[in-house]
Amino acid sequence: MSRAEEATVGNKRFRKSPARGGGSSADKLNRLRRTGFLVTFMLGALSAVPPLSMDMYLPALPDVTRSLGSSATMGQLTLTACLTGMALGQLVVGPMSDRWGRRRPLLIGLLVYVVASASCAVAPNVDLLIGSRLLQGLAGAAGIVIARAVVRDLYDGLEMARFFSTLLLISSLAPIIAPVLGGQVLRFTAWRGVFLVLAAIGIALTAFVWRRLPETLPAEQRRGGGVLGALFIMRGLVADRIFGGYVLANGFAYGALFSYIAASPFVIQEIYGASPQTFSLLYGLNSLGLMVVGQINGKLLVGRVRLDKALGIGLGVIALAGTVLLLVTAGAFGHAGTLPVGCCLFVMISALGLVVPNTNALALMRTPHAAGSASALIGTSCFAMGAISTLLVGIAGKGTAVPMAAVQTGSAVAAIFFLLVMCRPWENRPVEAAPPSATRR
Numbered sequence: 318m319s320r321a322e323e324a325t326v327g328n329k330r331f332r333k334s335p336a337r338g339g340g341s342s343a344d345k346l347n348r349l350r351r352t353g354f355l356v357t358f359m360l361g362a363l364s365a366v367p368p369l370s371m372d373m374y375l376p377a378l379p380d381v382t383r384s385l386g387s388s389a390t391m392g393q394l395t396l397t398a399c400l401t402g403m404a405l406g407q408l409v410v411g412p413m414s415d416r417w418g419r420r421r422p423l424l425i426g427l428l429v430y431v432v433a434s435a436s437c438a439v440a441p442n443v444d445l446l447i448g449s450r451l452l453q454g455l456a457g458a459a460g461i462v463i464a465r466a467v468v469r470d471l472y473d474g475l476e477m478a479r480f481f482s483t484l485l486l487i488s489s490l491a492p493i494i495a496p497v498l499g500g501q502v503l504r505f506t507a508w509r510g511v512f513l514v515l516a517a518i519g520i521a522l523t524a525f526v527w528r529r530l531p532e533t534l535p536a537e538q539r540r541g542g543g544v545l546g547a548l549f550i551m552r553g554l555v556a557d558r559i560f561g562g563y564v565l566a567n568g569f570a571y572g573a574l575f576s577y578i579a580a581s582p583f584v585i586q587e588i589y590g591a592s593p594q595t596f597s598l599l600y601g602l603n604s605l606g607l608m609v610v611g612q613i614n615g616k617l618l619v620g621r622v623r624l625d626k627a628l629g630i631g632l633g634v635i636a637l638a639g640t641v642l643l644l645v646t647a648g649a650f651g652h653a654g655t656l657p658v659g660c661c662l663f664v665m666i667s668a669l670g671l672v673v674p675n676t677n678a679l680a681l682m683r684t685p686h687a688a689g690s691a692s693a694l695i696g697t698s699c700f701a702m703g704a705i706s707t708l709l710v711g712i713a714g715k716g717t718a719v720p721m722a723a724v725q726t727g728s729a730v731a732a733i734f735f736l737l738v739m740c741r742p743w744e745n746r747p748v749e750a751a752p753p754s755a756t757r758r
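When we follow this note's numbering, the leftmost residue of the sequence shown carries the number 318, and every step to the right adds one.
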């Protein structure tokens, strides 16, 4: 399908814009699109920075609390700090990428990420570790926010929805590989070695981007106006009800995901007595489910089922699985073993494969001229809700799985609420850009 053709999104129509920029800029973008696997792998690797930063560290989380003499709550605050940094960092990096292009902010962010990871490795106490994790999150935000903006630079409409599903295939490998890799690292070294590995990954990504990722935002399409201009654009985006609904639905769905990330090491290892290696394998299986459902969405559903409908089904499955998990962990069916808890978590995490690519595509379809700022708001909602959810399950302690299940269920119900109230998917409206006030220079 050419970029001049119309893409059908369910019963809605969206006309793709012609190749942006003129002459050499358009030629460069076309060449980058034609590289196929290279683009997908590069953007997937950048999107994998957040799960790498958290998931490699998960098997070591109980060990960190013992090593530094801190509580489980303080240990989970190291996750909360990283998530908070990623939420705030995207608000800075997104508008920067709209003003100065994608490449320069990305390289700066990756270099700071390397320094922050090394700082985590040598932190002498939990307070400094929390501070270093905050900086690591701030810098790591550059990878995911700019990856989404680059996708918006290169693709439109259904092409974009399909690419996000393909991107999910690559980025989902990180949650599968990272805990397993982290568990294996712990067999040969202490938890500090995990952060040294993350620093090495950051160095490799920096070199790869430096050599292989060209600028995708032509100079003539960049935005001026400084801080006030960025705030004006953000205000316009937030004022768009439909865009805001997708952002909030996506954010609350991530709240369910991150409560699982924060609490599952304690639930699986300390409540149910599994080893770090067993936990890593179970965690990887859930990530595999997410990856498979994401590919079903991109290969089979996009173009056949309305994106809003697929999104609603995904959120409904998450809410149902969360409700069952809450009943199981609360003892409604007697003593809960690893199997029923694991099955509920598998269904819940797998269903995110219908949520993540479709909310990203639907939101970014409305913001063709402010992709960096829109990507920042999408990402900030994810990690802000992630930070809140990890804080909630941390405060509740590690003696029961009920807080995790309660946060997951509440997050899914809230996501459905905002999808229905703000996006109103039953309305037969065209997929269109956000109002001019959201994107005006």
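Note that the Cβ used here is the ideal one computed from N, Cα and C, for glycine as well.
One Cα belongs to Gly406, the other to Gly620, and the distance between them is close to 34 Å.
Distances from the alpha-carbon of Ala365 to those of Leu513, Ala536, Ala464, Leu503 put Ala464 closest. As DSSP reads the structure, Val622 sits in a beta bridge with Val619. A distance below 7 Å between beta-carbons, with the five flanking residues on each side excluded, links Gly606 to the following residues of its chain, in chain order: Phe663, Ile666, Ser667.
Less than 8 Å separates the beta-carbon of Phe481 from that of Asn677. With contact defined as three or more Cβ pairs closer than 8 Å, the region 584 to 602 and the region 726 to 743 are not in contact. Across the set Arg529, Ile494, Asp625, the C-alpha of Ile494 shows the shortest separation from the C-alpha of Asn603. Apart from sequence neighbours up to five positions away, the residues of its chain that approach Ser690 with a beta-carbon distance below 8 Å are Gly411, Pro412, Asp415, Ala547, Ile550, Met551, Leu554, Thr684, ordered along the chain.
Within the same chain, Cβ atoms closer than 7 Å to the Cβ of Ala627 are found at Asn614, Leu618, Leu671, Asn675, the five residues on either side in sequence being excluded.
Under the DSSP assignment, Ser728 falls in the alpha helix (DSSP H) whose first and last residues are 719 to 735. If you check the CB distance, Gly696 and Ala458 come in under 8 Å. The Cβ-Cβ distance between Val429 and Ala456 falls below 8 Å. With a threshold of 16 other beta carbon atoms within 10 Å, Leu355 falls short and is exposed. Leu565 sits in a helix when the DSSP states are folded into three classes. DSSP, read as helix, strand or coil, puts Arg540 in coil. Remark: C-beta atoms of Thr646 and Ala701 do not approach each other more closely than 8 Å. In this structure Ala566 touches Leu632 by the C-beta definition: roughly 7 Å separates them, less than 8 Å. When the beta-carbon positions are compared, Gly572 and Gly703 come within less than 8 Å of each other. Boundaries cannot be given for Arg419, as no alpha helix (DSSP H) includes it and DSSP labels it neither H nor E. Burial is judged here by how many other beta carbons sit within 10 angstroms of a residue's own beta carbon; Val431 has at least 16 and is buried.
Each of Leu408, Met682, Ala687 was checked against the Cα of Gly474, and the nearest Cα belongs to Met682. The C-alpha of Thr533 lies about 36 Å from the C-alpha of Phe734. Taking the Cα positions, Ile425 is about 21 Å away from Ala438. In terms of CA proximity to Ala404, Leu452 leads the group Val443, Gly611, Gln501, Leu452. Sorting Ile585, Leu522, Ala516, Leu400 by C-alpha distance to the C-alpha of Phe358 places Leu522 at the top. In this chain, the alpha helix (DSSP H) harbouring Ser482 covers 474 to 488. Under the three-state reduction of DSSP, Asn677 is assigned to helix. Separation of Leu408 and Ile559 (C-alpha to C-alpha, rounded to the nearest whole angstrom) is 20 Å. Contact between Pro496 and Asp372 is confirmed by a C-beta separation of about 5 Å, below the 8 Å threshold. Cβ contact annotation for Ile518 (same chain, cutoff 7 Å, sequence separation greater than five): Leu369, in chain order.
The DSSP-derived three-state label of Glu587 is helix.
A Cβ-Cβ distance of about 41 Å is found for the pair Val462 and Ala649, leaving them out of contact under the 8 Å criterion. Restricting attention to Ser388, Leu446, Asp625, the CA atom closest to the CA of Tyr374 is found in Leu446. Contact annotation, Arg419 with Val467: C-beta distance approximately 6 Å; criterion of less than 8 Å satisfied.
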